[in-house]
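J.:
Protein chains in written order, with the numbering used here: chain S, 1 to 80; chain E, 1001 to 1233.
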C-alpha cells in the first residue's frame, strides 16, 4: 500500500523558512501569494493490506519520529 | 570525574569535548558509540557533544535521540546523573524529551559561527558553580538551528524555577534583541531540566579552555562540574 504522512508546523509557530520562501515568491511576482508555511511529505510503502493497521502504524511512526509534536502537526493518508 | 562522551554518526565535536574533559578533569573520558545499550560503570557525567548527527536529516538531533544508547542516558538522568548536551547535543536532548522545547532555525536563517557573550544567570548549580552569578563569559557558537522556543507555559516555568542558566548578551552583559544572536525565546542559550541535572546549551564551552584558543572562559563550566563531583564524593 502507498501511504503519505504530511508534517506541518503548528499555527503560531514561527516559520522563518516559510517566510523566506514567501518573500522569494513575492519577488518573483507570483500572483496572489499572501503567506507561505512549509512542511514535509513522507511517501511510505507499507507491506500488507490491512488499511486500519497501516494507519495505526503510520501514526506510531509520526509520533515516534517523523513529527516533533511540540511544534508540528501531522496527517496520515493511506492512498491505495 | 569519569565522563562518557556519546558518539553518533556525523558528530564532529566529540574530540574537542574529550580534549577539554581530559585537560580539566585529568581523566580520559570514555567514548561511547550510539549503538551501545549501557554506559561505562561509574560514569559521573554523560556528554552529548556537538556536530551534525545523521547530517541533521529529518530534524536536528531527531534520529540520534532515538539511538539505543539514549535509553541508558534516560535511566542515568532519571537517577540524577549529570548530563551535558552542547549544540547538536542540546538538540538531541530536546528531541529525546530530556529537556523541554525545541531548537528552531535561527531567526535570520543564517548559520552563525563566531564568539558570543553569555550571562551566567546563577552560580548555585553543578553546571555554573565555576562562575559567579551575573558573570559574562565569551564562548563560540556554530549552528543554524539554535533558536530556542517553547510554549508560553514552559517558558514561564523555566524562568520561574530559575532553569535558564545561560543567556545571550552583549560584551557588557546587556540582554536585548540585538545581542540575541539567533532569536531564541528570552535570549535563552542554556537550560536545565526540572531536576537540575541535565543541561542543554547551544554555545561550545569546550572550545574556550586553553590559552592557544584565545580565551579560557569555557573552563569554568567543566571545573565547576569537577568541583561539584568532588564535593559529592
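Virtual Cβ for every residue (Gly too), placed ideally from N, Cα, C. Keep in mind that this is a model prediction, so the values were computed, not measured.
1) Suppose you measure from the CA of residue 54 of chain S to the CA of residue 1035 of chain E; what does that come to, to the nearest Å?
2) Using a Cβ-Cβ cut-off of 6 Å (strictly less than) and excluding sequence neighbours within five positions of residue 1053 of chain E, which residues of its own chain qualify?
3) Between residue 1177 of chain E and chain S, is there a C-beta pair that is closer than 9 Å?
4) Less than 6 Å between C-beta atoms, sequence neighbours within five positions excluded: which residues of the same chain meet that for residue 1205 of chain E?
5) So does the stretch 1151 to 1171 of chain E actually touch the stretch 1192 to 1211 of chain E, counting three or more Cβ pairs closer than 8 Å?
6) What do you reckon, are the CB atoms on residue 1103 of chain E and residue 20 of chain S nearer than 9 Å?
7) Could you tell me whether the Cβ atoms of residue 1003 of chain E and residue 1047 of chain E are closer together than 9 Å?
8) Just how far apart, CA to CA, sit residue 1005 of chain E and residue 1126 of chain E?
9) For residue 1104 of chain E, decide whether its Cβ has a neighbour in chain S, counting only Cβ atoms nearer than 9 Å.
10) If I measure Cβ to Cβ from residue 74 of chain S and keep anything under 7 Å in the same chain, skipping five residues before and after, which residues do I get?
11) Mark residue 1079 of chain E as exposed unless 16 or more other C-beta atoms lie within 10 angstroms of its C-beta, in which case mark it buried.
12) Can you tell me the Cβ-Cβ gap for residue 72 of chain S and residue 9 of chain S, rounded? I've got them flagged as a contact below 8 Å.
13) Since I believe residue 1114 of chain E is in contact with residue 1136 of chain E (beta carbons under 8 Å), could you give me their beta-carbon distance rounded to a whole number of angstroms?
14) Using the Cα positions of residue 1146 of chain E and residue 1122 of chain E, report the straight-line distance between them to the nearest angstrom.
15) Closer than 9 Å, CB to CB, is residue 1119 of chain E near chain S or not?
16) Output needed in chain order: residues of the stretch 25 to 49 of chain S with a Cβ under 7 Å from some Cβ in chain E.
17) Taking only runs that begin and end inside the stretch 1170 to 1200 of chain E, name each unbroken beta strand (DSSP E) of 3 or more residues, in chain order.
18) Measuring only between beta-carbons, confirm whether residue 1074 of chain E sits less than 9 Å from chain S.
19) Give me, in chain order, the residues of the same chain whose beta-carbon lies closer than 6 Å to that of residue 1183 of chain E; leave out the 5 immediate sequence neighbours on both sides.
20) Alpha carbons only, please: which of E:1156, E:1066, E:1215 and E:1208 is nearest the one belonging to residue 1188 of chain E?
21) Going along chain S, which residues have a C-beta under 8 Å from residue 1101 of chain E?
22) Helix, strand or coil: which one does DSSP assign to residue 1127 of chain E?
T.: Answer, in terms of the structure:
1) C-alpha separation (whole angstroms): 28 Å.
2) By the criterion of a C-beta distance shorter than 6 Å, residue 1053 of chain E is surrounded in its chain by 1008, 1010, 1011, 1064 and 1088, once the five residues flanking it on both sides are discounted.
3) At a cut-off of 9 Å between beta carbons, residue 1177 of chain E makes no contact with chain S.
4) Around residue 1205 of chain E: 1139, 1218 and 1221.
5) Contact holds: three or more Cβ-Cβ distances are below 8 Å.
6) Their beta carbons are not under 9 Å apart, which means residue 1103 of chain E does not touch residue 20 of chain S by this criterion.
7) Result yes, Cβ atoms of residue 1003 of chain E and residue 1047 of chain E sit closer than 9 Å.
8) Residue 1005 of chain E and residue 1126 of chain E: Cα-Cα distance of roughly 18 Å.
9) Output row for residue 1104 of chain E: interface = yes.
10) Answer for residue 74 of chain S: 5, 6, 7, 62, 66 and 67, listed in chain order.
11) The residue is exposed, with fewer than 16 neighbouring Cβ atoms inside 10 Å.
12) Your pair residue 72 of chain S and residue 9 of chain S checks out as a contact, with CB atoms roughly 6 Å apart and the cut at 8 Å.
13) Incorrect: roughly 16 Å between the Cβ atoms, too far for contact.
14) Going by the C-alpha atoms only, they are around 22 Å apart.
15) Not an interface residue.
16) If the cut-off is 7 Å between Cβ atoms, the stretch 25 to 49 of chain S has nothing near chain E.
17) The stretch 1170 to 1200 of chain E contains these whole beta strand (DSSP E) runs: 1188 to 1192.
18) Answer no: the Cβ-Cβ gap between residue 1074 of chain E and chain S never drops below 9 Å.
19) Correct list, in chain order: 1107 and 1147.
20) Nearest of E:1156, E:1066, E:1215 and E:1208 to residue 1188 of chain E, Cα basis: E:1156.
21) Correct list: 70.
22) Reduced to three states, the DSSP call for residue 1127 of chain E is coil.
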